[in-house]
Structure formats: C-alpha cells, structure tokens
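Student: For reference, the structure I am asking about is given below.
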C-alpha cells in the first residue's frame, strides 16, 4: 500500500510539474491525486501497522489493535485536521486579497505611478525592484507582482522590454515575501502553525532577503536591456501601443 501511495504521489507531482506540456491545469492532477490517495488510505487502513497523529505529532499507541471503525475514525480526524489547516490559510489569503482588490478598484496603487518620473531603465529597474520587495512583504508576493506589472504596462510600451523587468520584479517579490509572515504562502503557513515568530522571522531573514533581491538586480543593471531610456510619451499612447 505504501509503495502504491508513493507511486501515485510521484505521478501526480509530475503531472503538476508538466502542466504546460500536458495543457492541463495543475489543480486537476492535484485534486485527483488527493482524492485517490485518501480513498486508498481509507479502503486499505487495516494494512497500515502504525498511524501518525497530525494534531499531536506522534504515532498512535496500539494502532494495530484498533477496530476497523476506530481506524476509520482516525482517518476522518486526520483528514479534517489537514482540511482545517488549509482552510485557515485560504480564509486569511481571501481576506488579504479582498483588501488589495478594493484598493486597486479605487486606483489606490496609481499613487506609485505618479512618483515614477524617471525615464532611465536602470533607475526604473531599481525602483520597481524595491517596490516589489516592500509591497510583497505587505500584500504577498503574487499580488505585488500583479500590481507592479500592471503599473509597468502603463510605463513601458515594449512587451519584450516589460518581460525583462517582469523577471526581476518576480525575483524581488519572492525575496521580499520570504521575511514577512504574510508575504508568502509558505511563510504564512509556518506563522499560522506557530512554527515561526514575527520578530525572529524578520531578524534572521531580512538581511538574506535584501541580498537575494539586490544581487540579481545589481547584475541585471549592467545588462544591455537595462541601458538607456524608455520611450515614455504618456498613458494614452502607451496603452494604444500595448
């Protein structure tokens, strides 16, 4: 049974990894893998010699002597425990995203664009990288990336040039989200589960995160795509070109 579960997990993970090649949304193999694995666990519960209690973080004493009904009850408890933990993260992110969407609806992020007056590509690179680093720590890295790329579309008319900037924005946003409890899903999971504290998280990860952001941006600033100025002639013209 254990071998079969591992095989299904590896197969499902490969399907998630190759989602673009398979032209399949990764949600489909993920949900299918989850359903099949939990179904196999429920049907083959009597073949397991031990059971790990996720809430108490230890093996269940005398599991092999439990009746079939008691074992199924443990499976149900474990499944509900994991669903509850996942729901905690989802509800937290839904609340955060709702606030961000409200701000974006009223053009709150347009304030950043008004302060970006430089035409230098190198200066713009550093401005967007720093904004991505800071915003991702406040509104999570994915949302920060989406917001900044939206602003980027109004400033840089060339799609190929935007892709260069977008790549560095993603790097800076991921670095900025690492040191904040709400900046990244993984960090949020650890924080909600009381595995990390905010002061220690900032103390140990802030400096490494700055380095992870600054080094790639510093190197990229010497590359040809980030030399010179952009052809910025106003929002209307840029939007028509896009």
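Residue numbers (my numbering): 105 to 346.
Don't be surprised by glycine CBs; every beta carbon is placed ideally from N, CA and C.
Owing to the predicted nature of the structure, the values given are computational and were not obtained by experimental measurement.
#1: Does residue 105 pass the burial test, meaning 16 or more other C-beta atoms within 10 Å, or should it be called exposed?
#2: Exposed or buried, which one is residue 326 when buried takes at least 16 other CB atoms within 10 Å?
#3: Can at least three beta-carbon pairs, one atom from the region 234-253 and one from the region 265-285, be found at a separation below 8 Å?
#4: Could you tell me whether the region 133-142 touches the region 108-123, where touching means 3 or more Cβ pairs closer than 8 Å?
#5: Cutting at 7 Å between CB atoms, please list the residues of its own chain near residue 264, excluding the five before and the five after it.
#6: Considering only residues of the same chain and omitting the five flanking positions on each side of residue 113, which have a CB-CB separation below 8 Å?
#7: Would you kindly work out how many angstroms separate the C-alpha atoms of residue 350 and residue 303, rounded to a whole number?
#8: For residue 175, which residues of its own chain have a beta-carbon under 6 Å away from its beta-carbon, when the five flanking residues on both sides are left out?
#9: Within the same chain, show all residues whose beta-carbon is closer than 7 Å to that of residue 294, passing over the 5 residues directly before and after it, in chain order.
#10: Hey, how far is the Cα of residue 183 from the Cα of residue 252?
#11: If you drop the 5 nearest sequence neighbours on each side, which residues of the same chain put their C-beta closer than 7 Å to that of residue 283?
#12: Between which two residues does the alpha helix (DSSP H) harbouring residue 256 extend?
#13: From residue 259 to residue 216, what does the alpha carbon distance come to, in whole angstroms?
#14: Ignore the nearest five residues each way along the sequence and tell me which others in residue 151's own chain have a CB closer than 6 Å to its CB.
#15: Hey, residue 225 and residue 330 are a contact pair by Cβ (cut 8 Å); roughly how many whole angstroms apart?
#16: For my contact list, residue 158 and residue 185 are in at a C-beta cut-off of 8 Å; report their separation, rounded to the angstrom.
#17: Thinking C-beta only, is residue 233 closer than 8 Å to residue 273?
#18: Can you check which of these residues, 171, 218 and 288, is closest to residue 153 by C-alpha distance?
#19: Helix, strand or coil, according to DSSP, for residue 333 in the structure here?
#20: What does a CB cutoff of less than 7 Å around residue 229 pick up in its chain, not counting 5 residues either side in sequence?
#21: Would a C-beta distance cut-off of 8 Å place residue 333 and residue 223 closer than the cut-off?
#22: Considering residue 286, what are the terminal residues of the alpha helix (DSSP H) in which it resides?
Tutor: Quick look at the numbers:
#1: Counted from its first residue, the chain shown places residue 105 at position 1. Per the 10 Å Cβ criterion, exposed.
#2: For the purposes of this step, residue 326 is identified with residue 222 of the chain shown, where counting begins at 1. The residue is exposed, with fewer than 16 neighbouring Cβ atoms inside 10 Å.
#3: yes
#4: yes
#5: Here residue 264 refers to the residue found at position 160 when the chain shown is read from its first residue. Cβ neighbours of residue 264 beyond the five flanking positions: none.
#6: For the purposes of this step, residue 113 is taken as the residue at position 9 of the chain shown. Only 137 and 141 meet the Cβ criterion.
#7: Given that the chain is displayed from residue 105 to residue 346, the structure contains no residue 350 and the question cannot be resolved.
#8: If you number the chain shown from 1, residue 175 lands on position 71. Only 149 meet the Cβ criterion.
#9: Looking up residue 294 in the chain shown gives position 190. Contacts found: 300.
#10: By one-based count along the chain shown, residue 183 stands at place 79. By one-based count along the chain shown, residue 252 stands at place 148. Approximately 38 Å between the Cα atoms of the pair.
#11: Walking along the chain shown from the start, residue 283 turns up at place 179. Closer than 7 Å at the Cβ level, and outside the excluded window around residue 283, lie 241, 305, 306, 309, 310 and 313.
#12: Along the chain shown, read from residue 1 onward, the residue named residue 256 stands at position 152. Taken as a continuous stretch (DSSP letters only), the alpha helix (DSSP H) holding residue 256 covers 245-259.
#13: Numbered from 1 along the chain shown, position 155 holds the residue referred to as residue 259. Numbered from 1 along the chain shown, position 112 holds the residue referred to as residue 216. Taking the straight line from one Cα to the other gives about 12 Å.
#14: Within the chain shown, numbered from 1, the residue matching residue 151 stands at position 47. Counting only Cβ-Cβ distances below 6 Å, and skipping sequence neighbours, we find 105.
#15: Along the chain shown, one-based indexing puts residue 225 at 121. Along the chain shown, one-based indexing puts residue 330 at 226. So it is a contact: roughly 5 Å between Cβ atoms.
#16: Here the question's residue 158 lines up with position 54 in the chain shown. Here the question's residue 185 lines up with position 81 in the chain shown. Yes, they are in contact, since the Cβ atoms of residue 158 and residue 185 sit about 5 Å apart, within 8 Å.
#17: The residue given as residue 273 occupies position 169 in the chain shown. The residue given as residue 233 occupies position 129 in the chain shown. Yes, Cβ-Cβ distance for residue 273 and residue 233 is below 8 Å.
#18: Within the chain shown, the letter at position 49 stands for residue 153. The shortest C-alpha separation from residue 153 is found at 171.
#19: As a working mapping, residue 333 is identified with position 229 in the chain shown. Looking at residue 333 - three-state DSSP - the assignment turns out to be strand.
#20: The residue labelled residue 229 in the question sits at position 125 within the chain shown. Here the set comprises 269, 272, 321, 324, 325 and 330.
#21: As a first step, residue 333 is located in the chain shown; it is residue number 229 there, counting from the start. As a first step, residue 223 is located in the chain shown; it is residue number 119 there, counting from the start. It is a contact, given that the beta carbons lie within the stated cut-off.
#22: Numbered from its first residue, the chain shown carries residue 286 at position 182. From DSSP, residue 286 is part of no alpha helix (DSSP H); its letter is neither H nor E.
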